[in-house]
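Student: This is the structure I want to talk about, given as structure tokens.
Protein chains: 2
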Amino acid sequence: MKYITIIDLARRLNLSKSTVSRALAGDGNVSKETQDRVRELAQQLGYTRNDMAVNLRQKQTKSIGIIIPEIVTPFFMHVVSEVQRELNGRHGYRVLLAQSNENSDIELANLRMMEEFRVDGILLSVCSSRNNIPEYLRLKEKGMALVFFDRIVPQFSASKIEINEYAKSVLLVEHLIEQGRKKIVHIAGPEYIYNSTERLRGYKKALAKNGIAYDPTYVIPCDLAAEAAAAKMTYLLDNNIDFDAVFCFTETQALGVKKLLSKQKIAIPDQVAIACMSGTTLSTLVHPTLTSVEQPVDQIASAAIQLLLEKIENPAAEDRKIVVDAQIKIRESSAVD
Amino acid sequence: MKYITIIDLARRLNLSKSTVSRALAGDGNVSKETQDRVRELAQQLGYTRNDMAVNLRQKQTKSIGIIIPEIVTPFFMHVVSEVQRELNGRHGYRVLLAQSNENSDIELANLRMMEEFRVDGILLSVCSSRNNIPEYLRLKEKGMALVFFDRIVPQFSASKIEINEYAKSVLLVEHLIEQGRKKIVHIAGPEYIYNSTERLRGYKKALAKNGIAYDPTYVIPCDLAAEAAAAKMTYLLDNNIDFDAVFCFTETQALGVKKLLSKQKIAIPDQVAIACMSGTTLSTLVHPTLTSVEQPVDQIASAAIQLLLEKIENPAAEDRKIVVDAQIKIRESSAVD
DNA sequence: TTGAAAGCGCTAACAT
DNA sequence: ATGTTAGCGCTTTCAA
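Chains B and U are the protein sequences, given in the same order. The first sequence begins at 0 in numbering that gives the first Met the number 0 and counts up by one. The second sequence begins at 0 in numbering that gives the first Met the number 0 and counts up by one.
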């Protein structure tokens, strides 16, 4: 592809390239007339600025990276898609995406990659709150604009969008209790994921608030996969453990649970209610038998953008934390599926 | 962020920057010894090459763009995620993502954006097979490596990954027929989407092959949204049109249909079977009551990469078309959900 | 085997 | 209001 440059324009107009540059940039110091001539020719010849050159000159890339644990997930897809749209459009940023596959080593490689790409900033949702801390620190100290969102690292000081998992969790579990559920199993996530521990905390709180004794056998640590959750259900059933609701850490787990319970002819939600935090409309559409709390995806995205831009603008700026707990909508489960 | 440059290295080693550059590049014309010294220091100081400079120099960006109609969709997400991984890793490409939201104007803007970003190539899945053809042509003639995938434009000559929608469609509908379904409604997509017309063609073929008369009232053009599909169901029900299966263009439509039929207490799949092409594992997990054909996502991704890289390598290369129809797996529907 | 110099396209002092 | 110059970090002739 042959591209027109400001030199091409300058030559044709008998101007210096600086004047052309200024005219294009809308710098005040250029006569209205030349400005018009330049812009018209640029238009006509289909000139587009070469960002590589500009960026080399200004020492920035006008690109940011997003690193998430898992891409094929309604929640993350929505956030990404929103950040994408906003940053492309209004700020002219490129956004690079990478997924870590819930694997800290891949996350590390992704971080390095973004650094090599010299992105101006990174939006990060971590795999684990402990594995890559030295790397986060290194990047931060090097001056990289690094903003955490959703899957944050509580003990690491940085700008972050924290989602109030605790509050959501309390709300959801209390909702189950209000429906008359008393024996609520919690399929928990791994303890190296902050969100998971917060949700567990919320679960306990909700029980306590409602005078239900906390029974540790009801809390079952579990992998993120649907199959893992299904296996835990089998275990409960095989051991004749009595329960009337299951609160899952992830949507995917909830689906695994649902599948298994249906297979065992257990009526949902009549005999057992299933609950989880749901990403989005897609999820809502997909499984109405799940009781869930909707996440304020757009709000999370825009908060993330805001904090990231702040950090890019002024790398020395103080860290800020935005907590999103928003207007939470509980979606009633229904037998209709 | 302060980055080390080859000049930094050169100074410390009392070499010229050209030698350093050569040593780093692995150019043969440099003594083993200097090469080692340079590389060691580079390593030690954490040097990473500034791609902006390289690219400016070599007139390429080492980045490609992917433009898809809808991001929050298991099928596209998987393809993107796969292309992402492959191109990042093995070829050092940046990949930029944009979604058109099923809107041709946005698609046009996205195309322009990618051009401004000076991506080396574009992977495109179109919104409509007629709206932006002049733009595709302009880009192609300008020498942009442009490869279509999945949602292709049949009458536009370019490199493309075509998915054999026709074959898949025949297969799926015949499968329904084998299950004893005879009154199969087809919720069709808009005719400006090639895939939609192909699937319709397959639907007709399957009926013909099995001696079932084609009834135009059974073919219902419909928007892509779930709600639209649900509305069509209401229409059929209200008009007492008798049917025992519904074959939908999109997964999302299928979900809409499913939801509405369940609400009307129509047993799925006992009374009415629902079928569609399904993206991936996620979908499989989510709605087992849907009969579906799985798409060979990885194959599509790797074919797309191959064609794109070919075009980038040699823009003058002839257009190639890869047709993916692959080993098709039908997933049986089941009452369990 | 190494160095010197030019140049990719642009911006930003510093002149004029 | 416009031009001149230097330089961002790198690769690549051309010379030595």
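Where a beta carbon is used, it is the ideal one built from N, C-alpha and C, also for glycine. Since we're looking at a predicted model, the values are computed, not measured.
(1) CA-CA distance, U/S195 and U/A303?
(2) Just reading off the alpha helix (DSSP H) that B/E293 is part of, what are its end residues?
(3) Verify whether the separation of the beta carbon atoms of B/F242 and B/C275 is less than 9 Å.
(4) Here's the rule: buried if 16 or more other CB atoms are within 10 angstroms of the residue's CB, otherwise exposed. What is B/V94?
(5) Does the stretch 248 to 265 of chain U come close enough to the stretch 208 to 227 of chain U that 3 or more CB-CB pairs lie under 8 Å?
(6) Please determine, among U/N28, U/T4, U/E114 and U/L14, the residue with the shortest C-alpha to C-alpha distance to B/K58.
(7) Just to make sure I have the definition right: I need the residues of chain U whose C-beta is within less than 9 Å of the C-beta of B/G142. Which are they?
(8) Closer than 8 Å by beta-carbon distance: list the chain U residues that pair up with B/I116, in chain order.
(9) In the structure shown, what three-state DSSP assignment does B/P268 receive?
(10) Determine contact between the stretch 187 to 205 of chain B and the stretch 158 to 172 of chain B, defined as no fewer than three beta-carbon pairs at a distance below 8 Å.
(11) So which of U/A52, U/K181 and U/A230 has the shortest CA-CA distance to U/A207?
(12) What whole-angstrom Cβ distance do B/I121 and B/S99 have, given they're in contact under 8 Å?
(13) If you follow the beta strand (DSSP E) that B/R93 is in, where does it begin and where does it stop?
(14) At a Cβ cut of 8 Å, what residues of the stretch 26 to 55 of chain B count as close to chain U, listed as they run along the chain?
(15) Within 10 angstroms of the Cβ of B/E190, are there 16 or more other Cβ atoms? Answer buried if so, exposed if not.
(16) So, does the stretch 73 to 92 of chain B touch the stretch 304 to 316 of chain B, judging by three or more C-beta pairs under 8 Å?
(17) Just the C-alpha distance for B/I176 and B/A166, rounded to the nearest angstrom, thanks.
(18) So, is the C-beta of U/V271 closer than 9 Å to a C-beta in chain B?
(19) Does B/A9 come out as helix, strand or coil in the three-state DSSP assignment?
(20) Take the Cβ of U/S15 as the centre, count every other Cβ of all protein chains shown within 10 Å, and call the residue buried at 16 or more, exposed below.
(21) Could you work out which residues of chain U lie near B/A97, taking near to mean beta carbons separated by less than 8 Å?
(22) Measure the alpha-carbon distance for B/P314 versus U/K61 and round it to whole angstroms.
(23) Could you tell me which chain U residues have their CB closer than 8 Å to the CB of B/S291, listed as they occur along the chain?
(24) Given a cut-off of 9 Å, decide if B/I183 and B/A228 are closer than it, judged by their beta-carbon atoms.
(25) For chain U, is any of its Cβ atoms less than 9 Å away from the one on B/V245?
(26) Quick one: is B/P153 near chain U, going by C-beta distance under 9 Å?
(27) Could you please give me the residues that DSSP links to B/G120 through a beta bridge?
(28) With DSSP as the reference, please indicate the residues paired to B/A274 in a beta bridge.
(29) Below 9 Å on C-beta distance, what does U/T60 contact in chain B?
(30) By Cβ distance below 6 Å, which residues in the same chain neighbour B/Y46 in space, the five residues on each side in sequence not counted?
(31) Helix, strand or coil, according to DSSP, for U/A187 in the structure here?
(32) According to DSSP, U/E161 sits in a beta bridge with which residue or residues?
(33) Expressed to the nearest angstrom, what Euclidean distance is found between the alpha-carbon atoms of U/E356 and B/M0?
(34) Quick one: Cα of B/N238 to Cα of B/R198, how far?
(35) Taking CB distances under 9 Å as the criterion, tell me whether B/M232 reaches chain U.
(36) Do you know how far the Cα of B/A316 is from the Cα of B/K141?
Tutor: The answer reads as follows:
(1) Cα atoms of U/S195 and U/A303: separation of roughly 21 Å, rounded to the nearest angstrom.
(2) In this chain, B/E293 is not harboured by any alpha helix (DSSP H); it is covered by the beta strand (DSSP E) spanning L289 to E293.
(3) At a Cβ-Cβ threshold of 9 Å, B/F242 and B/C275 do not count as neighbours.
(4) Buried: at least 16 other Cβ atoms inside 10 Å.
(5) With the cut-off at 8 Å, the stretch 208 to 227 of chain U and the stretch 248 to 265 of chain U touch.
(6) The candidate whose alpha carbon is nearest that of B/K58 is U/T4.
(7) Correct list: M0 and K1.
(8) First, the residue type needs correcting, since residue 116 of chain B is Phe and not Ile in the sequence shown. Residues of chain U with a Cβ closer than 8 Å to the Cβ of B/F116 are, in chain order, D50 and R93.
(9) Note: B/P268 maps to coil in three-state DSSP.
(10) Output reads yes: the stretch 158 to 172 of chain B touches the stretch 187 to 205 of chain B.
(11) Measuring C-alpha to C-alpha distances from U/A207 to each of U/A52, U/K181 and U/A230 identifies U/K181 as the nearest.
(12) Contact annotation, B/I121 with B/S99: C-beta distance approximately 12 Å; criterion of less than 8 Å not satisfied.
(13) For B/R93, the enclosing beta strand (DSSP E) stretches over residues R93 to Q98.
(14) Correct list: T47, R48, N49, D50, M51, A52, N54 and L55.
(15) The residue in question, B/E190, is exposed, as its Cβ has fewer than 16 Cβ neighbours within 10 Å.
(16) Yes, since at least three Cβ pairs between the stretch 73 to 92 of chain B and the stretch 304 to 316 of chain B fall closer than 8 Å, the two stretches touch.
(17) Roughly 15 Å between the two C-alpha positions.
(18) Among the CB atoms of chain B, none fall inside 9 Å of the CB of U/V271.
(19) Correct three-state label for B/A9: helix.
(20) Exposed.
(21) Ordered by position in chain U, the residues that pass the 8 Å Cβ test against B/A97 are Q83 and N87.
(22) One alpha carbon belongs to B/P314, the other to U/K61, and they sit about 27 Å apart.
(23) Ordered by position in chain U, no residue passes the 8 Å Cβ test against B/S291, which lies about 14 Å from the chain.
(24) No, the Cβ-Cβ distance between B/A228 and B/I183 is not below 9 Å.
(25) No, because no Cβ of chain U sits closer than 9 Å to the Cβ of B/V245.
(26) For B/P153, the answer is no, since every Cβ of chain U falls outside 9 Å of its Cβ.
(27) Answer is B/I63 and B/A144, bridged to B/G120.
(28) DSSP output for B/A274 lists B/F246 and B/T290 as bridge partner(s).
(29) Within chain B, the residues near U/T60 are D50 and M51.
(30) For B/Y46, where only same-chain residues beyond five positions count, the Cβ hits under 6 Å are I3.
(31) Strand.
(32) Looking at the DSSP output, U/E161 shares a beta bridge with U/V322.
(33) Residue 356 of chain U is absent from the structure shown; chain U starts at 0 and stops at 336.
(34) Spanning the two alpha carbons is a distance of roughly 25 Å.
(35) It does not: the Cβ of B/M232 has no partner Cβ on chain U nearer than 9 Å.
(36) Straight-line measurement puts the Cα of B/A316 at about 14 Å from the Cα of B/K141.
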